[in-house]
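Q: Numbering (my numbering), first residue to last: 2 to 277. All C-beta atoms in this analysis are idealised placements derived from N, C-alpha and C, irrespective of residue type, glycine included. The model shown is predicted, which means the values in this text are computed figures rather than measured ones. Quick one: this structure, given as structure tokens, is what I'll be asking you about.
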């Protein structure tokens, strides 16, 4: 309960939570409000928003309902962001925990691998993976998770370096606990709060990366994603700018919501701020 009170003490965190709930509500209600295939032709192309009550947000340059794509796209973006974040954090935690706990040559080897991944920009490495393994939604999601883990690995390693010689760890060794039990059962729960907070950053980046891929027509064209809609509007950007602007606003709101929630969690979990 104290954590909840600390979280709701921040107005920006509350705003972020409200926005995130709205996006989740859009994703949950997509099948009820727009039961048809969102990529099916619905009307004549390029109907402006609010000019036709049947298409409140208008239609794109193929005649597909933009509102339907926005609601169904919320589900795709949240799914990609959530799954990619889980993959990224799991890889990062595993590598960071082993490096921080064992130190020595294990730490050196794992950190060299981490640095190798950080040598190339995330998006460039993502383009390589998508070019090699294809652009299905599953491949894109896994690829985003694979390119996003180094920062969480370094964060986990730093936490383990500060915790591995604490009294409770020494007591566990004295009791004969195995290394895996100490790493994942004793140290990791104490190292998780900053990693959980950083997961919100990974999720926001994952949504942006998928949108960038879709804008370049390198994401899965068979799903209704916000990035695909922005990419479709690129050809008519000067005259029918709303085709790209509406999904762009949806991405902005979602990324802002996730970032504000993460910042709120950071403020609530930060022991220095708890005492204020």
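Helix, strand or coil for residue 56? Go by DSSP, reduced to three states.
A: Taking the chain shown and counting its residues from 1, the one referred to as residue 56 is at position 55. Residue 56: strand per DSSP, three-state reduction.
Q: Would you check if the distance between the CB atom of residue 61 and the CB atom of residue 230 is smaller than 8 Å?
A: To locate residue 61, count along the chain shown from 1; it is residue 60. To locate residue 230, count along the chain shown from 1; it is residue 229. Yes, the Cβ-Cβ distance between residue 61 and residue 230 is below 8 Å.
Q: Measuring only the C-alpha atoms, how far is residue 79 from residue 204?
A: What you label residue 79 is simply residue 78 of the chain shown in a count that begins at 1. What you label residue 204 is simply residue 203 of the chain shown in a count that begins at 1. The alpha-carbon atoms of residue 79 and residue 204 are separated by roughly 8 Å.
Q: For residue 276, collect the residues of the same chain with a Cβ closer than 8 Å to its Cβ; drop the 5 residues on either side in sequence, then sort them by chain order.
A: On the chain shown, position 275 is the one that residue 276 refers to. Confidence at residue 276 is low in this model, with a pLDDT of 47, below 50, so the placement of that residue should be treated as unreliable; the coordinate-derived value is given next. Contacts found: none.
Q: Among residues of its own chain, excluding the 5 on either side of residue 170, which ones have a beta-carbon nearer than 8 Å to its beta-carbon?
A: The count along the chain shown starts at 1 and reaches residue 170 at position 169. Hits under 8 Å: 164, 183, 187, 188.
Q: May I ask you to list the residues that DSSP assigns as paired with residue 236?
A: To locate residue 236, count along the chain shown from 1; it is residue 235. In the DSSP output, where bridge partners are listed per residue, residue 236 has none listed.
Q: Taking the Cβ atom as the reference point for each residue, do residue 75 and residue 39 lie within a distance shorter than 8 Å?
A: Counted from its first residue, the chain shown places residue 75 at position 74. Counted from its first residue, the chain shown places residue 39 at position 38. No, they are not a contact pair.
Q: Let me check one thing: in DSSP terms, what residues is residue 66 bridge-paired to?
A: What you label residue 66 is simply residue 65 of the chain shown in a count that begins at 1. Residue 66 is bridged to 60.
Q: Just curious, the alpha helix (DSSP H) that residue 249 is in, first and last residue?
A: Here residue 249 refers to the residue found at position 248 of the chain shown. Note, residue 249: alpha helix (DSSP H), 243-270.
Q: Given a threshold of 16 other Cβ atoms within 10 Å of its Cβ, counted over all protein chains shown, does residue 221 qualify as buried or as exposed?
A: In the chain shown, the residue the question calls residue 221 occupies position 220. Buried, because 16 or more other Cβ atoms sit within 10 Å of the Cβ of residue 221.
Q: Would the segment 211-226 count as touching the segment 193-202 if we require 3 or more Cβ pairs under 8 Å?
A: The segment 211-226 is not in contact with the segment 193-202.
Q: DSSP on residue 102, reduced to helix/strand/coil?
A: In the chain shown, residue 102 corresponds to position 101, counting from 1. Three-state result, residue 102: helix.
Q: Could you check the C-alpha separation between residue 102 and residue 179 for me, to the nearest Å?
A: Indexing the chain shown from 1 puts residue 102 at position 101. Indexing the chain shown from 1 puts residue 179 at position 178. Approximately 12 Å between the Cα atoms of the pair.
Q: State the DSSP-derived secondary structure class of residue 277, mapped to helix, strand or coil.
A: Residue numbering aside, residue 277 sits at position 276 when the chain shown is read from its first letter. Residue placement at residue 277 is flagged as unreliable, the pLDDT there being 47, under the threshold of 50; the coordinate-derived value follows with that caveat. Three-state result, residue 277: coil.
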